[in-house]
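Position one of the sequence shown corresponds to residue 70 (my numbering), numbered consecutively onward. Virtual Cβ for every residue (Gly too), placed ideally from N, Cα, C. The structure displayed is predicted, hence computed values, not measured ones. Notes follow once the structure below has been shown.
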Amino acid sequence: MRMKSILTCLTLGGILWSSQRLAAQAPNISYPSTNFTFTMGTPITPLTPTNTGGAVAVPRGNVTTLAGNGNQAYADGIGNVASFNRPTGITVDGIGNVYVADHHNHRIRKISTAGVVTTLAGSGNRSYLDGIGTAASFNQPYDIVLDNSGNMYVGDNDNHRVRKISTAGVVTTFAGSGNTAYADGIGTAASFFWLCGVAIDSNGNLYVADFNNNRIRKISPAGVVTTLAGSGNYDFADGAGATASFRHPYSVAVDENGNVYVADTENHRIRKISPSGVVTTLAGSGNTGFADGTGTEASFYFPTGIAVDGNGNVYVADNHNHRIRKISPAGVVTTLAGSGNYDFVDGISTTASFRNPQDVAVDRNGNVYVADTENHRIRK
């Protein structure tokens with residue numbers, strides 16, 4: 070089996086074909102054998118190649134499977150040799166390695182740029198234990214994020230803690246007492262209740278979707294936990310800081326200007342928190358449905374994952390609609406991928422299918438990665 074490769078054929082007229090596929094058969098490109106005579110100043114008509122091999126053009130917006138065979142299991146390996154068990158969180162580093170919170174396997178997985186899946190941390194035991202790599206234990210880790218130095222932070226959901234994995238693979242507890250409660254404080258003096266999504270800004274501040282506390286928490290690089298927004302009431306209200314309300318927020322993302330975006334899951338809305346702490350509704354009518362449109366004209370159904378790119382576009386894993394949505398900086402909501410069918414299909418964005426996609430990530434080239442949870446696969 071070949072490793073993942075990038076194959077591109079260039080001509081004077083542009084790209085004739087390009088392939089970026091795992092285990093793709095090598096292309097066998099041939100051109101007409103006719104002799105040609107060219108006259109100076111006469112435009113040259115590009116030749117059309119014939120490909121009898123495996124690499125073919127991949128249209129922009131095409132959905133492929135990066136890793137996972139669909140079995141609800143655990144196995145490292147290349148591409149579809151590997152197995153996941155309800156992956157819920159996903160992030161990507163600056164060189165294209167993808168990291169996955171493998172929720173029901175209680176592990177953190179890594180997918181290299183060559184498509185090789187390995188286990189970064191986690192014994193597989195549903196437990197709580199700090200340690201090195203696979204000696205450490207998690208309890209249904211939900212989400213992950215990387216800082217600028219390559220350290221990883223894990224929303225360790227059922228342990229009610231934020232864990233840290235150093236670049237050397239050492240797992241420690243960054244914040245959270247483990248009690249199902251609500252308390253601000255320093256490090257393990259603070260408490261969360263089923264924390265889910267995690268995000269980080271350029272200054273190293275962490276943001277946490279504290280699911281059952283209905284709040285968005287902030288953790289400084291020194292480990293000081295405060296409440297950024299949320300009254301704690303299971304409700305919907307825009308406003309500043311603690312006057313705003315959420316209903317079981319699942320995920321958070323932060324842009325280059327320090328704005329925090331929230332997948333306010335059971336309000337079926339995408340919320341935005343300004344650097345000063347003012348909460349507004351970016352998109353979503355609040356109705357459980359599917360509709361593209363601008364701002365509150367659009368509808369989501371249980372949005373669970375969120376990411377933002379360098380241009381301010383927001384990407385949403387619209388879980389119960391089985392689609393990936395995109396919100397432009399102007400607030401226009403469109404459907405990036407997904408037919409809406411509860412299924413597994415690769416292909417052109419509108420015909421591709423997902424099963425309850427839980428999270429999204431976007432790389433510097435604009436590629437979007439999806440934790441396709443109930444397909445037990447990572448899609449791209």
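Q) Are three or more beta carbon pairs between the stretch 231–250 and the stretch 179–188 nearer than 8 Å? A) no
Q: Let me know if residue 249 comes out buried or exposed under the rule of 16 or more other beta-carbons within 10 Å of its beta-carbon.
A: exposed
Q) Would you call residue 298 buried or exposed, if buried means 16 or more other Cβ atoms sit within 10 Å of its Cβ? A) buried
Q: Give the single residue among 303, 342 and 402 whose Cα lies nearest to the Cα of residue 321.
A: 342
Q) Which residues bound the beta strand (DSSP E) around residue 177? A) Here the beta strand (DSSP E) through residue 177 covers 176–180.
**Q.** Length at least 3, wholly inside the stretch 276–348: the beta strand (DSSP E) runs in chain order
**A.** 284–288, 293–298, 318–323, 329–333 and 338–342
Q. Should residue 433 be labelled buried (16 or more other beta-carbon atoms within 10 Å of its own) or exposed?
A. exposed
(Q) Using the three-state DSSP reduction, which class does residue 442 fall into: helix, strand or coil? (A) helix
Q) Within this structure, are the beta carbons of residue 338 and residue 350 separated by less than 9 Å? A) Contact: yes.
Q.
Is the separation between the beta-carbon of residue 205 and that of residue 224 shorter than 9 Å?
A. no
Q: Flag this pair as touching only if the stretch 363–372 and the stretch 303–315 have three or more C-beta atom pairs under 8 Å; answer yes or no.
A: no
Q | Nearest residue (CA-CA) to residue 272, options 289, 261, 279 and 284 | A | Distance from the Cα of residue 272 is smallest, within the candidate group 289, 261, 279 and 284, for 289.
Q. Closest by CA to residue 170, which one among 208, 383, 131 and 246?
A. 208
Q.
Just to confirm, is the Cβ distance from residue 244 to residue 308 under 9 Å?
A. no
Q | Alpha carbon of residue 276 to alpha carbon of residue 439, nearest angstrom | A | 21 Å
**Q.** Nearest-angstrom beta carbon gap, residue 137 and residue 447 [assumed within contact, 8 Å]
**A.** 6 Å
Q. Of the choices 324, 347 and 134, whose alpha-carbon is the least far from that of residue 376?
A. 324
Q: Sort 144, 372, 345 and 177 by Cα distance to residue 355 and report the nearest one.
A: Closest by alpha carbon: 372.
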